[in-house]
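The next block holds one structure in the form of structure tokens; read it before the comments.
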Amino acid sequence: MLVGSLRKESVTRKVALALKGIAPPSLALDIVEIRDLQMYDEDLETETPPREWVSFRDRIRRADAVLFATPEYNRSVPGSLKNSIDVGSRPGGRGVFSGKPGAIVSVTPHGLGAFGANHHLRQSLVFLNVLTMAQPEAYVSQAGDLVDADNHITKETSKMFLVSFLNAFSAWIEKTADK
Ligand SMILES: Cc1cc2nc3c(=O)[nH]c(=O)nc-3n(C[C@H](O)[C@H](O)[C@H](O)COP(=O)(O)O)c2cc1C
């Protein structure tokens, strides 16, 4: 999982941790941290790129699929998440996301939000050849108190929806992953 928020009390990270707890056994969800990735700069794309880029790329390469959990910043994704996508997408033709199954959960503490982030992200993922699950879509609104201190989802209907979302993602990976 890539989580698009860096702050300690992130509601998106809480949702991501809750997803880890309710995922089916077929989905082992781990957060791959993006905090230490230098801002993408083509001048650093040498024989020896920053080691944080190298280990991030290796980690994504090893993943069977990528689940993106993102807040919405200005109707798009936070720069930190976009930066991780940029880092993973290069060098040209050797991007680590290409061909991987993916899915998006976008999160907002507000009543209205998360659509812009979700769809801006989809736009990048099309270009990166991530096989992004179309349905079900997951827009998590009013997420401020959705997850308790033990990473449990407090609202039963939301929990049921997210369980079905994860089951669908597992089936999507099964269907699309290289055999
Ligand atoms: C720079 C910035 C832009 C934001 N833009 C939006 C937005 O477009 N839509 C929205 O629903 N919330 C927006 N918010 C509020 C975030 O949804 C809120 O801060 C949320 O808690 C961030 O996610 P996190 O808790 O996972 O860090 C914005 C917050 C920041 C800091």
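Here the sequence shown is numbered in our numbering, starting from 1 and rising by one per residue.
Glycine included, each C-beta is placed from N, C-alpha and C at the ideal position.
Report task. Mind listing, in chain order, the continuous beta strand (DSSP E) runs of no fewer than 3 residues lying wholly within the region 134-176? Result -> Those beta strand (DSSP E) runs which fall completely within the region 134-176 and span 3+ residues are 138-140.
Query raised in the report: Tell me which same chain residues have a C-beta within less than 6 angstroms of the C-beta of residue 104, skipping the five on either side of it?
Result: Cβ neighbours of residue 104 beyond the five flanking positions: 68, 118, 121.
Requested in this report: Tell me whether residue 8 is buried or exposed, calling it buried when 16 or more other Cβ atoms sit within 10 Å of its Cβ.
Outcome: Residue burial annotation: residue 8 is exposed, with fewer than 16 other C-beta atoms found within 10 angstroms of its C-beta.
Report task. Under 7 angstroms Cβ to Cβ from residue 145, same chain only, skipping five residues before and after it: list those, please. Result -> Hits under 7 angstroms: 154.
**Report entry** Minimum Cβ-Cβ distance from residue 25 to chain D less than 8 angstroms
**Finding:** In summary, chain D is missing from the structure at hand, where a single protein chain is found.
Query raised in the report: Shortest alpha-carbon distance to residue 35 belongs to which of 133, 113, 4?
Result: When each option's Cα is compared against that of residue 35, the closest is 4.
Query raised in the report: residue 164: buried (16+ other C-beta within 10 angstroms of its C-beta) or exposed?
Result: It is exposed - the Cβ of residue 164 has fewer than 16 other Cβ atoms within 10 Å.
Query raised in the report: DSSP on residue 2, reduced to helix/strand/coil?
Result: The answer is strand: DSSP assigns residue 2 an E or B state.
Report task. Counting only runs of 3+ residues fully inside the region 38-115, write out the beta strand (DSSP E) ranges in chain order. Result -> Uninterrupted beta strand (DSSP E) stretches at least 3 residues long and entirely within the region 38-115 occur at 66-71, 101-107, given in chain order.
**Report entry** C-beta contact flag for residue 72 and residue 106 at 8 angstroms
**Finding:** Yes, the Cβ-Cβ distance between residue 72 and residue 106 is below 8 angstroms.
**Report entry** alpha helix (DSSP H) runs contained entirely in the region 5-33, provided each spans 4 or more residues
**Finding:** At a cut-off of 4 residues, the continuous stretches assigned as alpha helix (DSSP H) that sit fully inside the region 5-33 are 11-22.
Query raised in the report: Are at least three pairs of beta-carbons, each pair with one atom in the region 9-16 and one in the region 40-56, less than 8 angstroms apart?
Result: Short answer: they don't touch.
Requested in this report: Report the residue from 97, 29, 25 whose alpha carbon sits nearest the alpha carbon of residue 17.
Outcome: For residue 17, the closest alpha carbon among the candidates 97, 29, 25 is that of 29.
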